[in-house]
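Accompanying notes for the structure given below.
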Amino acid sequence: RGENGFMKKKYDAMIKDVSDQREEINALHEKEKELHESIKGLEKDIQGHKKEIREREETIVDKEKRIYDLKKKNQELEKFKFVLDYKIKELKRQIEPRESDIGEMKNMIEEMDLELEQYHKS
Numbered sequence: 030r031g032e033n034g035f036m037k038k039k040y041d042a043m044i045k046d047v048s049d050q051r052e053e054i055n056a057l058h059e060k061e062k063e064l065h066e067s068i069k070g071l072e073k074d075i076q077g078h079k080k081e082i083r084e085r086e087e088t089i090v091d092k093e094k095r096i097y098d099l100k101k102k103n104q105e106l107e108k109f110k111f112v113l114d115y116k117i118k119e120l121k122r123q124i125e126p127r128e129s130d131i132g133e134m135k136n137m138i139e140e141m142d143l144e145l146e147q148y149h150k151s
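Per this note's numbering, residue 30 is the first one in the sequence shown, and the count goes up by one each step.
The following block contains the structure:
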């Protein structure tokens, strides 16, 4: 009878251990489910970040191309400016002798006016 009591206590202890382990297994399954859901959420976040990175890289490429095009256009405008500056200098060189000619002609006109006035007076 003592052995029976001992076996009964051992059996009850084992039943309790099995029950505890089942609860622990269930808790671990729940934890595993939560972790899988967390992993899915994080993978979704990763995909979103990758998409954003791709979009930003495309934007960077577009802006770099725009910068290249603007620099090229700027070079063309600088060449055009150089040519126009040269033409302006040439035109100014052509105008300078004419300005002096105009000044001489004005003096001649003033002298002629004076002569004309003197002729009318006499």
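Note that CB positions come from ideal geometry on N, CA and C, so glycine has one too.
Cα-Cα separation, residue i to residue j
i, j, result
"I117", "E107", "15 Å"
"L120", "K94", "39 Å"
"E88", "Q76", "The question names Glu, but residue 88 is Thr in the sequence shown. Spanning the two alpha carbons is a distance of roughly 18 Å."
"A42", "E52", "15 Å"
"L145", "F109", "52 Å"
"G132", "P126", "10 Å"
"K60", "G31", "43 Å"
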